[in-house]
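Protein chains in written order, with our numbering: chain A, 1 to 257; chain B, 1001 to 1185.
To keep things clear, I will list the structure first and then write my remarks on it.
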Amino acid sequence: MLKNKAEGKIQSNWRYLLNTRKYFVLFLAVLGLSLATALFAVWPQWQGSYQNYQKIQVSKKRLATLRQKTAQLDEAKASEIISKITQIDLLLPSQKPLQQLLSALQIMQERHKVVLSDVSLAPGEIGQASGGTQSKNLGYEQIDLKLKATGSLAQVNSFLQAVENFSPLTTINKIELNEKRKTTADQTLISFEADLSLSTFYFQKNIVSKVDSKLPVDSSNKYQEVLAKLDSFFYPNYQEPQFTLGGKEDLFQVPAQ
Amino acid sequence: MPEINFVSHQAKKLSTQQKKDQLYFRYALGVFVFILGVFLLSLIVFVYVKSQLDNSLKQEKQLENLILGQENIEKSLLISNAKLEVLVTLFKDRFDKQAAMSFFSNLFGEQVLIKDMNYEAEDKILSLSLNCKSVFELERVLNLLSSPEVSARFGQVNKSQLKRDSAGKYNLTLTINLISNNAKK
Chain A
1 MLKNKAEGKI QSNWRYLLNT RKYFVLFLAV LGLSLATALF AVWPQWQGSY
51 QNYQKIQVSK KRLATLRQKT AQLDEAKASE IISKITQIDL LLPSQKPLQQ
101 LLSALQIMQE RHKVVLSDVS LAPGEIGQAS GGTQSKNLGY EQIDLKLKAT
151 GSLAQVNSFL QAVENFSPLT TINKIELNEK RKTTADQTLI SFEADLSLST
201 FYFQKNIVSK VDSKLPVDSS NKYQEVLAKL DSFFYPNYQE PQFTLGGKED
251 LFQVPAQ
Chain B
1001 MPEINFVSHQ AKKLSTQQKK DQLYFRYALG VFVFILGVFL LSLIVFVYVK
1051 SQLDNSLKQE KQLENLILGQ ENIEKSLLIS NAKLEVLVTL FKDRFDKQAA
1101 MSFFSNLFGE QVLIKDMNYE AEDKILSLSL NCKSVFELER VLNLLSSPEV
1151 SARFGQVNKS QLKRDSAGKY NLTLTINLIS NNAKK
């Protein structure tokens, strides 16, 4: 009974408040609604807009990079580097160029009329995973080769000059020139034997690129000297050996049982 | 006798309060309308910024596809650039050696045979073993090696292992440090 009385009092108080302070209640309601709108509608919108704006700024920078890269790629198609890509690849192959080197040496041997003998790879180094000697992360590795070239002094000299001017890029580290005399009944033949240590280089470097990573700036000018030298090298016509696997034909014509 | 009317006083007080409440309500309504305006503005800004972002991302995607379509050119360009960088280093090393060899070969002439050559690429040390036909040739070579032309270009040229072989020829070894030579340049 007391409880009902108290509830009735509260209700009548509310009713009194609504009757007498209607605008105050409305004021509080509108104020609350305004606050709620500001907190739960306006603020998230601005926050979202600001975050999107920041994303646009990042995107604009990326777009500029991508546009620059697209333009660079268009320019690159006509660049000197791309036009000489075959020569660059032949001069500094990406794989161990042992066969190319031997093939080139054979051509040089015939061309300069020297006799090549005792061709050997630097012992212990062929067994490495890469098959070459480790350079100090310079972007290349090398194959060390030893051989003997025999001929007249002029022939040996021209062969030595040719060795440093063919692909794959090879350099002479050591020459030991020995005079050989062979006396016959009527004359003495003089020949020279050059004991050579050669190093042939090949490219070994990991290159990582992303869609938005910048391309190197137009480097045709930077490498002008090297690009100009590429034409002075001799590029032997080396063809990869083709291996054809059998299995399709019955070569022995074994009659079916 | 003064007239006491509590109801009138209370009604007057209530009326003043209601007027104040009405005023506060108007202010609150004004604030609400303002916030509603801000909300509409922020909605417009949000939609505009979002469309801009979508547009930008769409352009990014288009350019990415364009670049991916030219992947082979990019690959070739990057590898060729890296190879050229290596070639610059290798050519530089070779050039120093070749230039020194050519210089001494021309300096001594055909009478002196450069018999042995050893080049240590890491330390850039070039060793040349000369074969002189006679003592007079040897003297000429020694004079040439002490000439200002040689000192200016190669600094100190070390001479060692002077030997006379059974055929009466003189062998002399020269050691040239091409690093100090480069530093001088």
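Glycine included, each C-beta is placed from N, C-alpha and C at the ideal position.
Any contact of the segment 28-45 of chain A with the segment 1033-1047 of chain B, i.e. 3+ C-beta pairs under 8 Å? yes
Under 8 Å between C-beta atoms, does residue 143 (chain A) make it to chain B? To locate residue 143 (chain A), count along the first sequence from 1; it is residue 143. Not closer than 8 Å to any Cβ of chain B, the Cβ of residue 143 (chain A) fails to qualify, so no.
Using a Cβ-Cβ cut-off of 8 Å, state whether residue 1081 (chain B) counts as contacting chain A. Counting from one through the second sequence, the residue named residue 1081 (chain B) turns up at place 81. Residue 1081 (chain B) counts as touching chain A.
Verify the CB distance criterion: does residue 46 (chain A) have a CB-CB separation below 8 Å to chain B? Stepping through the first sequence from its first residue, residue 46 (chain A) is reached at position 46. With 8 Å as the cut-off, residue 46 (chain A) counts as an interface residue toward chain B.
Local Cβ density within 10 Å of residue 1149 (chain B), reported as buried at 16 or more and exposed below that: Translated into the one-based positions of the second sequence, residue 1149 (chain B) becomes position 149. When all chains shown are included, residue 1149 (chain B) counts as exposed.
Test: residue 1022 (chain B) CB closer than 8 Å to a CB of chain A: The residue given as residue 1022 (chain B) occupies position 22 in the second sequence. Closer than 8 Å to some Cβ of chain A, the Cβ of residue 1022 (chain B) qualifies, so yes.
Between A:98, A:97, A:160 and A:18, which lies nearest to residue 115 (chain A) when the distance is taken from Cα to Cα? Residue 115 (chain A) sits at position 115 when you count from the first residue of the first sequence. When only C-alpha atoms are compared, the closest one is A:160.
For residue 192 (chain A), the residue or residues it bridges with in DSSP: Here residue 192 (chain A) refers to the residue found at position 192 of the first sequence. Residue 192 (chain A) pairs with A:151 and A:179.
Considering only residues of the same chain and omitting the five flanking positions on each side of residue 94 (chain A), which have a CB-CB separation below 6 Å? In the first sequence, residue 94 (chain A) corresponds to position 94, counting from 1. Contacts found: 203.
Residue 76 (chain A) and residue 1077 (chain B): beta carbons closer than 8 Å? Along the first sequence, one-based indexing puts residue 76 (chain A) at 76. Along the second sequence, one-based indexing puts residue 1077 (chain B) at 77. In this structure, residue 1077 (chain B) lies closer than 8 Å to residue 76 (chain A) by Cβ.
Taking DSSP as the reference, what is the three-state secondary structure of residue 115 (chain A)? Counting from one through the first sequence, the residue named residue 115 (chain A) turns up at place 115. Residue 115 (chain A) falls in the strand class under three-state DSSP.
Below 8 Å CB to CB, which residues in the same chain sit around residue 311 (chain A) once its five sequence neighbours on both sides are set aside? Not covered by the structure: residue 311 (chain A). The range shown for chain A is 1 to 257.
Would you say residue 1187 (chain B) lies against chain A (beta-carbon separation less than 8 Å)? Because chain B is modelled from 1001 through 1185, residue 1187 (chain B) falls outside the range shown and cannot be assessed.
What does the Cβ neighbour count give for residue 1165 (chain B), buried or exposed, with the cut at 16 atoms within 10 Å? On the second sequence, residue 1165 (chain B) is found 165 positions in, with the first residue counted as 1. By the neighbour-count rule (16 or more Cβ atoms within 10 Å), residue 1165 (chain B) is not buried but exposed.
By DSSP, does residue 237 (chain A) sit in helix, in strand, or in coil? What you label residue 237 (chain A) is simply residue 237 of the first sequence in a count that begins at 1. Coil.
Within the segment 1062-1116 of chain B, ranges of the alpha helix (DSSP H) (whole runs, at least 4 residues): 1071-1108
Leaving out five residues before and five after residue 8 (chain A) in sequence, what residues of the same chain have Cβ atoms less than 6 Å from its Cβ? What you label residue 8 (chain A) is simply residue 8 of the first sequence in a count that begins at 1. If we look at residue 8 (chain A) and ignore the five residues flanking it on each side, it has no Cβ neighbours.
When you measure from the CB of residue 1168 (chain B) to every non-hydrogen atom of the ligand ATP, does any distance come out below 7 Å? Absence of the ligand ATP from the depicted structure is noted, as is the absence of any ligand whatsoever, leaving it without description.
Name the DSSP bridge partner or partners of residue 143 (chain A)? As a first step, residue 143 (chain A) is located in the first sequence; it is residue number 143 there, counting from the start. Partner(s): A:200.
What is the DSSP secondary structure of residue 259 (chain A), counted as helix, strand or coil? As displayed, chain A neither begins before 1 nor continues past 257, which places residue 259 (chain A) out of reach and without an answer.
Under a Cβ-count criterion, where at least 16 other Cβ atoms within 10 Å of its own Cβ denotes burial, should residue 84 (chain A) be classed as buried or exposed? Sequence index remark: in the first sequence, residue 84 (chain A) carries index 84 (1-based). By the neighbour-count rule (16 or more Cβ atoms within 10 Å), residue 84 (chain A) is buried.
Restricting to runs no shorter than 3 residues, where is the beta strand (DSSP E) found entirely within the segment 11-77 of chain A? none
So residue 1049 (chain B) and residue 53 (chain A) are in contact, right, with Cβ under 8 Å, and what is the actual spacing, rounded? Sequence index remark: in the second sequence, residue 1049 (chain B) carries index 49 (1-based). Sequence index remark: in the first sequence, residue 53 (chain A) carries index 53 (1-based). That belief holds up - the Cβ atoms of residue 1049 (chain B) and residue 53 (chain A) are roughly 6 Å apart, short of 8 Å.
I'd like the ranges of any alpha helix (DSSP H) spanning at least 4 consecutive residues and lying wholly in the segment 1128-1168 of chain B. 1135-1145 and 1148-1154
Excluding the five sequence neighbours on either side, which residues of its own chain have a C-beta within less than 8 Å of the C-beta of residue 1093 (chain B), listed in chain order? As a first step, residue 1093 (chain B) is located in the second sequence; it is residue number 93 there, counting from the start. Taken in chain order, the residues that qualify are 1121 and 1124.
Identify, in the order they occur along the chain, each residue of the same chain with its Cβ nearer than 8 Å to the Cβ of residue 231 (chain A), setting aside the five sequence neighbours on each side. In the first sequence, the residue the question calls residue 231 (chain A) occupies position 231. Same-chain partners within the cutoff: 87.
Hey, residue 1112 (chain B) and residue 1141 (chain B): beta-carbon distance below 8 Å or not? Counting from one through the second sequence, the residue named residue 1112 (chain B) turns up at place 112. Counting from one through the second sequence, the residue named residue 1141 (chain B) turns up at place 141. Against a cut-off of 8 Å, the Cβ pair of residue 1141 (chain B) and residue 1112 (chain B) comes out as a contact.
Alpha-carbon spacing of residue 1083 (chain B) relative to residue 58 (chain A), whole angstroms: Here the question's residue 1083 (chain B) lines up with position 83 in the second sequence. Here the question's residue 58 (chain A) lines up with position 58 in the first sequence. Residue 1083 (chain B) and residue 58 (chain A): Cα-Cα distance of roughly 33 Å.
Does the beta carbon of residue 229 (chain A) come closer than 8 Å to any beta carbon on chain B? What you label residue 229 (chain A) is simply residue 229 of the first sequence in a count that begins at 1. Chain B contact via Cβ: present.
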